[in-house]
Structures are given as C-alpha cells and as structure tokens.
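Have a look at the structure below before the remarks.
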Amino acid sequence: MLALYHNDMSVCAQKVRMTLAEKRLPWENHHLDLRAGDQQKSEYLKLNPNAVVPTLVDDGEVIIESTVICEYLDDAYPEPALRPKHHAARARMRLWTKQLDETIHAATSTLSNGIAFRHQKLIWGKERLEEFHRNMPNPARREQSWENITKGVESRYFIDAAKRFDKLLSDMEAALAQSKWLAGDEFSLADTSYAPYITRLDHLQLQFLWDRRPHIPQWYDRLRERRSYGEAFDAWPNQAYYQLMKEKGLEARDRVKAIVSAE
Ligand SMILES: N[C@@H](CCC(=O)N[C@@H](CS)C(=O)NCC(=O)O)C(=O)O
Numbered sequence: 003m004l005a006l007y008h009n010d011m012s013v014c015a016q017k018v019r020m021t022l023a024e025k026r027l028p029w030e031n032h033h034l035d036l037r038a039g040d041q042q043k044s045e046y047l048k049l050n051p052n053a054v055v056p057t058l059v060d061d062g063e064v065i066i067e068s069t070v071i072c073e074y075l076d077d078a079y080p081e082p083a084l085r086p087k088h089h090a091a092r093a094r095m096r097l098w099t100k101q102l103d104e105t106i107h108a109a110t111s112t113l114s115n116g117i118a119f120r121h122q123k124l125i126w127g128k129e130r131l132e133e134f135h136r137n138m139p140n141p142a143r144r145e146q147s148w149e150n151i152t153k154g155v156e157s158r159y160f161i162d163a164a165k166r167f168d169k170l171l172s173d174m175e176a177a178l179a180q181s182k183w184l185a186g187d188e189f190s191l192a193d194t195s196y197a198p199y200i201t202r203l204d205h206l207q208l209q210f211l212w213d214r215r216p217h218i219p220q221w222y223d224r225l226r227e228r229r230s231y232g233e234a235f236d237a238w239p240n241q242a243y244y245q246l247m248k249e250k251g252l253e254a255r256d257r258v259k260a261i262v263s264a265e
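Numbering (my numbering), first residue to last: 3 to 265.
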C-alpha cells in the first residue's frame, strides 16, 4: 500500500496527488499540519530529513522530493504512462520539471509567503517564528523564508520572483500555442507538475499574468476538467487559506503588475 505524507495546500503535494490520481492509485493519508510544525517533528524527520512534504512510502521504501516521487510512480506503476514515449518530448518534459525545481518552486514560496502566508506566521510572535526557522534544516531556505515573512512584498526576493513567473508564463504560452500539453500532444508529468503553480497564481488573484496569453487559461481549463484535478485539488480544500490568498492577493496585485510592466 502506498502512503503519502502531505498537506492539503502544499503545491508539491498537489502535484504528487494529481499524479497518483492519474494512475488511479489508492493511498493511505498522512496529513501534516505545516503551521503546527508537524514537518519538523523527529518522527517525520526520520522519513524526510529536509522537514518538508511530500514523502511517499511504498511498501517500506521511502521516496522524497516531489519530482522524484512522480518519476518513481511512473516507473513503478507505468500505466497510464505520464512521460512521453518520444525522446525529444520526454526531454521537453524534463526541462519543465527541472526549471520548476531550480527556480519556480522558490519563486512560488516567495510570492505565497510574501503576499499571504506570512500573516499566518507573524501572529505567532518573534520567539515562535525564530524557533520555527531554527528548525529549518536548509540554511538558504531558512534565510529566504525569514526575509519573505518579515518583509512581505518588500522582500529582496520579491521582484525576481514576480519576473520569474512572467518569464515562465511567456514560455508556457509559446509551448501551448504549439501543442495541447506542455511537452507536446501527450498529457505528461510536465502538466501535473505545473497545475499547482498556476492554481496558486489563480488563488493569489494574479490572473492578469495571462491576460494576453490565451493558451494558458485554455490549458488551465482542460486541466480542471480532468478527474485527477478534482481528486488532487478540490478534494483537499482549505477555505481559510483560499480566503487569505484572495484578500492579500488583491492587496498585492498592483505591486506585482508594476514589477512585470517595468521592463
Ligand atoms: N523540493 C521539495 C520541496 C518541498 C517543499 O518545499 N514543501 C513545502 C510545501 S510545498 C513544505 O513542506 N514547507 C514546509 C516548511 O518549509 O516548513 C519537493 O519538491 O518535494
């Protein structure tokens, strides 16, 4: 039996849940409360020393890192295949997931924390906030999180994060003008991987980023029509998070607009 350690609103967990749903794989639910610090508890660190979700356990085998988990699932449970058959399309798929791991995920953390989630953490007070960050094992991640939470849209990471998304959406628009899905005509792990990140921009009220990029909302609509999207996203709602992202996203929208139109 597969077991997934995850969180309802985590983008990395949404990506793995969508991959599991595409393959119609049942899994045992271990939901972590990231605001309560479940990811930093010693029992969980034995599974995932990075103190992050998701973690997959398959028959005793522990797999971490969402991109690795998705590829593992496609190896271990090959049907339906989520990596394109043709080598060039498979390389395109990997280029999408590679840049996601290298830059897009960090940019998302900056936008999400800088705009909205910081407000859930600032109310903890200084002592608890410091302790939470002391327990983050990755120093670069710790520093970035601290900056985003304490400075918000004035964080030194914010401008680059907004620009990175603008560039991403321009690349996505170009790809989707050529083919139905990101890596080509086959639905792939590139699509399951980006579904959470575009959903996050939507929740943060940043839809203006695709105002002049018509293929992106069409792709997003096609994604949301899939059964797997319902199982990965809609089945794990968090109204408090939606509300916070909407309210704070509307407040931050002009700042993001000003950054991306400053070129
Ligand atoms: N590279 C990791 C990133 C995982 C990650 O950043 N997870 C976030 C949720 S999307 C998390 O657990 N955050 C909790 C924390 O930073 O304390 C992966 O792809 O699995």
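Note that beta-carbon positions come from the ideal geometry of N, C-alpha and C, so glycine has one too.
Next on the checklist: Can you check which of these residues, N140, E175, R120 and P141, is closest to L131 by C-alpha distance?
Outcome noted: The residue you call residue 131 lines up with position 129 of the sequence shown. Checked all of N140, E175, R120 and P141; the closest Cα to L131 is R120.
Checklist entry - Ordered along the chain, which non-local residues of its own chain (more than five positions away) have a Cβ less than 6 angstroms from that of E188? => result The residue given as residue 188 occupies position 186 in the sequence shown. Excluding positions up to five away in sequence, the list reads P86.
Item to check | C-beta contact flag for A164 and V262 at 8 angstroms | outcome: The residue labelled residue 164 in the question sits at position 162 within the sequence shown. The residue labelled residue 262 in the question sits at position 260 within the sequence shown. Against a cut-off of 8 angstroms, the Cβ pair of V262 and A164 comes out as a contact.
Item to check | Reference G62, options C72, G116, M11 and A5, closest by Cα | outcome: In the sequence shown, the residue the question calls residue 62 occupies position 60. The shortest C-alpha separation from G62 is found at A5.
Checklist entry - What first and last residue would you give for the beta strand (DSSP E) that runs through V54? => result Working through the sequence shown from its first residue, we reach residue 54 at position 52. Per DSSP, V54 belongs to no beta strand (DSSP E) and is neither H nor E.
Next on the checklist: Need the endpoints of the alpha helix (DSSP H) that W29 sits in, please.
Outcome noted: If you number the sequence shown from 1, residue 29 lands on position 27. From DSSP, W29 is part of no alpha helix (DSSP H) but of the beta strand (DSSP E) over W29 to H33.
Next on the checklist: With a threshold of 7 angstroms on Cβ separation, who are the neighbours of P139 within its own chain once the five nearest residues in sequence on each side are excluded?
Outcome noted: Residue mapping note: residue 139 aligns to position 137 of the sequence shown, counting from 1. Closer than 7 angstroms at Cβ, skipping near neighbours: P51, N52 and A53.
Checklist entry - Excluding five sequence neighbours on each side, which residues of the same chain lie with their C-beta closer than 6 angstroms to the C-beta of P36? => result As a position in the sequence shown, residue 36 is number 34, starting the count at 1. Note on identity: in this sequence residue 36 is Leu, with Pro being the wrong assignment. For L36, where only same-chain residues beyond five positions count, the Cβ hits under 6 angstroms are N9.
Item to check | Close Cβ partners of A185 (< 6 angstroms) along its chain, the five nearest in sequence each way excluded | outcome: As a first step, residue 185 must be located in the sequence shown, where it is residue number 183. For A185, where only same-chain residues beyond five positions count, the Cβ hits under 6 angstroms are P86, A91, R94, M95 and A192.
Item to check | Counterpart residues of L4 in DSSP-defined beta bridges | outcome: Taking the sequence shown and counting its residues from 1, the one referred to as residue 4 is at position 2. Looking at the DSSP assignment, L4 forms a beta bridge with W29 and D60.
Item to check | Cut-off 8 angstroms between Cβ atoms - residues of its own chain near P82, not counting five sequence neighbours on either side | outcome: Here residue 82 refers to the residue found at position 80 when the sequence shown is read from its first residue. Answer for P82: E24 and K25, listed in chain order.
Item to check | Residue burial classification, P141 (beta-carbon count within 10 angstroms, cutoff 16) | outcome: Residue 141 sits at position 139 when you count from the first residue of the sequence shown. Classification for P141: exposed.
Checklist entry - Y159 and E149 look like a contact to me (Cβ under 8 angstroms); what is the Cβ gap, rounded to whole Å? => result What you label residue 159 is simply residue 157 of the sequence shown in a count that begins at 1. What you label residue 149 is simply residue 147 of the sequence shown in a count that begins at 1. For Y159 against E149, the beta-carbon gap comes to about 6 angstroms, under 8 angstroms, which counts as contact.
Item to check | K210 vs K259 beta-carbon contact at 8 angstroms | outcome: Locating residue 210 in the sequence shown gives position 208, counting from the first residue. Locating residue 259 in the sequence shown gives position 257, counting from the first residue. Residue 210 is actually Phe in this sequence, not Lys. Yes, the pair counts as a contact, with Cβ atoms nearer than the cut-off.
Next on the checklist: Taking its Cβ as the centre, do 16 or more other Cβ atoms sit within 10 Å of Q253, making it buried, or is it exposed?
Outcome noted: Taking the sequence shown and counting its residues from 1, the one referred to as residue 253 is at position 251. Here residue 253 is Glu; the residue named in the question, Gln, does not match the sequence. Looking at its Cβ environment, which holds fewer than 16 other Cβ atoms inside 10 Å, E253 is exposed.
Checklist entry - If you count every other CB in all the chains shown that lies within 10 Å of the CB of E73, and 16 or more means buried, which is it? => result In the sequence shown, residue 73 corresponds to position 71, counting from 1. Buried, since its Cβ has 16 or more Cβ neighbours within 10 Å.
Checklist entry - For I125, does the three-state DSSP call read helix, strand or coil? => result Along the sequence shown, one-based indexing puts residue 125 at 123. Here I125 sits in coil by DSSP.
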